[in-house]
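See structure below.
Residue numbers (our numbering): 40 to 227.
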């Protein structure tokens, strides 16, 4: 009978030591899982910030490239200089790319999302003359530096991208839009 009471007593509950060990194991597993979750979530947020900045930069540069390939004239920047804004003529219409309050605009319409803050936008125009033929090659490079628009330190991400486009604007020196002054084309 005493044996039965001892068995019932033993089966009926946990000792304090068993309870403490159980709580320690559960706490350790819970804290480990929580730490892993926080780490994964933080990595995901950083990856989203990086992807947001990169996709906005790529979109803006692609739009500029598309307009530059169709351009019939480049007003600004002038040859062999660096400046912003970019002013071009596309299908008879003036198109201006500028930096306004951290946002790239195309004719005053935002090209990128509000999640990205552009810190620098520059355009460089290069012209090279092939002297034997007097043909002019014009190239324009756009460079954009942007950061993710967040106050959280772990989401800070800054990237710079550039794109170079060879323009199809001019044929011979002294003729065409933006011809180089002072050099005469060959006589026909």
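In this text, a Cβ means the ideal position worked out from N, Cα and C, and glycines have one as well. Being a predicted model, the structure only gives us computed values, none of them experimental.
Measuring straight from C-alpha to C-alpha, what distance separates residue 138 and residue 101? 16 Å
Is it right to say residue 220 is buried, meaning 16 or more other beta carbons lie within 10 angstroms of its own, or is it exposed? No answer about residue 220 holds up, because its pLDDT of 46 lies below 50 and its placement is not dependable.
Measure the C-alpha to C-alpha separation of residue 81 and residue 193 and round it to an integer number of angstroms. 8 Å
Select from 185, 187, 150, 180 the residue whose C-alpha is nearest the C-alpha of residue 107. 180
How long is the line joining the alpha carbons of residue 195 and residue 60, rounded to whole angstroms? 42 Å
Helix, strand or coil for residue 228, going by three-state DSSP, please let me know. Since the first residue shown for the chain is 40 and the last is 227, residue 228 is missing from the structure and cannot be characterised.
Where residue 80 sits in the DSSP three-state scheme: helix
If we require 3 or more residues per run, which beta strand (DSSP E) segments fall completely within the region 131-179? 132-139, 142-145, 155-169
Can you tell me which of the three DSSP states residue 245 falls into? No statement about residue 245 is possible, as the shown extent of the chain runs from 40 to 227 and does not include it.
For residue 205, does the three-state DSSP call read helix, strand or coil? strand
In DSSP terms, what residue 103 is bridged to: Paired residues: none, contrary to the question.
Beta carbon of residue 126 nearer than 8 Å to that of residue 143: no
Under 8 Å by Cβ, that's how I've got residue 116 and residue 162 pegged, so tell me the actual separation to the nearest angstrom. 5 Å
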